[in-house]
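Engineer: I have a structure here, written as structure tokens, and I will follow up with some questions on it.
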Amino acid sequence: MTSKKPLILVTNDDGFTAPGIRALIEVMNTIGDVVVVAPDAPQSAMGHAITINDTLYCNSIKVPKGEPQTEYSCSGTPVDCVKLAINELLDRKPDLCVSGINHGSNSSINVIYSGTMSAAVEAGTIGIPSIGFSLLDYSLEADFEPAKKYVKHLVEQCLENGLPSGVVLNVNIPKLSAKKIKGIKVCRQANAHWEEKFDKRTNPLGRDYYWLTGEFINNDKGEDTDEWALANGYVSIVPVQFDLTAHHAIKDINTWDI
Numbered sequence: 003m004t005s006k007k008p009l010i011l012v013t014n015d016d017g018f019t020a021p022g023i024r025a026l027i028e029v030m031n032t033i034g035d036v037v038v039v040a041p042d043a044p045q046s047a048m049g050h051a052i053t054i055n056d057t058l059y060c061n062s063i064k065v066p067k068g069e070p071q072t073e074y075s076c077s078g079t080p081v082d083c084v085k086l087a088i089n090e091l092l093d094r095k096p097d098l099c100v101s102g103i104n105h106g107s108n109s110s111i112n113v114i115y116s117g118t119m120s121a122a123v124e125a126g127t128i129g130i131p132s133i134g135f136s137l138l139d140y141s142l143e144a145d146f147e148p149a150k151k152y153v154k155h156l157v158e159q160c161l162e163n164g165l166p167s168g169v170v171l172n173v174n175i176p177k178l179s180a181k182k183i184k185g186i187k188v189c190r191q192a193n194a195h196w197e198e199k200f201d202k203r204t205n206p207l208g209r210d211y212y213w214l215t216g217e218f219i220n221n222d223k224g225e226d227t228d229e230w231a232l233a234n235g236y237v238s239i240v241p242v243q244f245d246l247t248a249h250h251a252i253k254d255i256n257t258w259d260i
């Protein structure tokens with residue numbers, strides 16, 4: 003890592019063998035020096051979880067012949083991967099952290115559950131420009147080729163322009179052919195939620211167990227949201243902040259008798 007290329011940390015939540023991260027690594031290798039630290043097994047919907055009551059393991063991975071990146075698999079969560087990379091594995095602070103490409107949407111309310119986005123947010127908390135990428139296709143056979151063009155362009159723009167302090171980018175890409183993607187929209191997060199249901203079953207030993215299911219409900223009819231952009235053939239970019247203060251509520255709370 004002695005070149006003048008940017009140092010790029012790559013991670014995800016689907017695990018280091020997932021096709022999405024392999025596509026992301028391929029693109030990043032055209033831009034900078036790449037170090038991959040990713041979970042050794044799927045860690046979807048882990049949010050910002052970290053490992054505090056168990057040991058963490060990290061293994062160096064042999065990369066395919068001809069590929070220049072350095073790779074590690076980690077037994078922990080996506081956020082563990084970022085913390086371990088920055089504090090133990092890298093000899094300098096990365097110029098960029100990219101997470102993904104996730105198999106499935108992280109738009110709207112999904113951002114708070116997402117291990118993909120939490121990894122990007124973790125890097126962002128220490129001042130590393132960070133982007134989470136997701137493709138709206140859950141299949142292991144998903145076609146990431148149309149996404150690569152947009153991933154490369156947005157990473158190059160981020161490296162050139164930087165990001166505002168305290169902000170990371172949540173990028174979602176529709177499941178469309180390259181010809182059908184209309185372009186990129188900078189959006190707000192749609193007001194949506196999940197109506198959860200639990201499928202209750204009983205195992206052969208008589209013990210009840212549950213499978214979480216649910217329906218995604220978009221309450222937002224605005225044409226400036228990520229859900230609208232994706233439904234209409236655009237790549238969505240939502241700037242995400244990790245300062246969770248509801249600034250607009252401070253005045254109201256100060257009217258209480260406290």
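First residue of the sequence shown: 3, per this note's numbering; consecutive thereafter.
Yeah, the Cβ is synthetic: ideal placement off N, Cα and C, and Gly gets one too.
None of these values were measured; they are calculated from a predicted model.
(1) Using three-state DSSP, classify ASP35 as helix, strand or coil.
(2) State buried or exposed for ILE255, treating a residue as buried only when at least 16 other CB atoms are found within 10 Å of its CB.
(3) When DSSP builds the beta bridges, which residues end up paired with GLY134?
(4) SER238 lies in the beta strand (DSSP E); which residues open and close that run?
(5) Please report the Cβ distance between LEU138 and GLY168, rounded to the nearest whole angstrom; I am assuming they are in contact, meaning their Cβ atoms lie under 8 Å.
(6) Under a three-way DSSP split, which group does GLY185 fall into?
(7) Assuming LEU92 contacts CYS76 under a Cβ cut-off of 8 Å, what Cβ separation, rounded to an integer in Å, is found between them?
(8) Note down, one range per segment and in chain order, each beta strand (DSSP E) of at least 3 residues found wholly within the region 190 to 219.
(9) Thinking C-beta only, is ILE175 closer than 9 Å to GLU197?
(10) In chain order, what residues of the same chain lie with their CB nearer than 8 Å to the CB of SER141, ignoring the 5 residues before and after it?
(11) Which class does CYS60 belong to by DSSP, given the choice of helix, strand or coil?
(12) With C-beta atoms as the reference, is VAL81 less than 9 Å away from SER136?
(13) Is PRO44 near ALA20, with beta carbons less than 9 Å apart?
(14) Could you check the C-alpha separation between ALA248 and ASN193 for me, to the nearest Å?
(15) Who are the near neighbours of ALA125 in its chain, counting only those whose CB is closer than 6 Å to its CB and skipping five residues on each side?
(16) Alpha carbon to alpha carbon, how far is ASP245 from VAL123? Give it in angstroms, no decimals.
(17) Could you check the C-alpha separation between VAL29 and VAL153 for me, to the nearest Å?
(18) Where do the N-terminal and C-terminal ends of the beta strand (DSSP E) with ILE23 fall, by residue?
(19) Would you mind giving the Cβ-Cβ distance between ASP15 and THR118, rounded to the nearest angstrom? I have them listed as a contact below 8 Å.
(20) Buried or exposed: which applies to GLY102, given that a residue is buried once 16 or more other Cβ atoms fall within 10 Å of its Cβ?
(21) Among residues of its own chain, excluding the 5 on either side of ASP228, which ones have a beta-carbon nearer than 7 Å to its beta-carbon?
Structural biologist: For this structure:
(1) strand
(2) exposed
(3) SER101 and ASN172
(4) 236 to 243
(5) Contact flag wrong, Cβ pair sits at about 27 Å.
(6) strand
(7) Contact flag wrong, Cβ pair sits at about 13 Å.
(8) 194 to 204
(9) no
(10) HIS105
(11) strand
(12) no
(13) yes
(14) 16 Å
(15) VAL84, CYS99 and SER132
(16) 11 Å
(17) 8 Å
(18) Premise fails: ILE23 lies in the alpha helix (DSSP H), 21 to 30, not in any beta strand (DSSP E).
(19) 5 Å
(20) buried
(21) SER109, SER110, ASN174, CYS189, GLN191, ALA192, SER238 and VAL240
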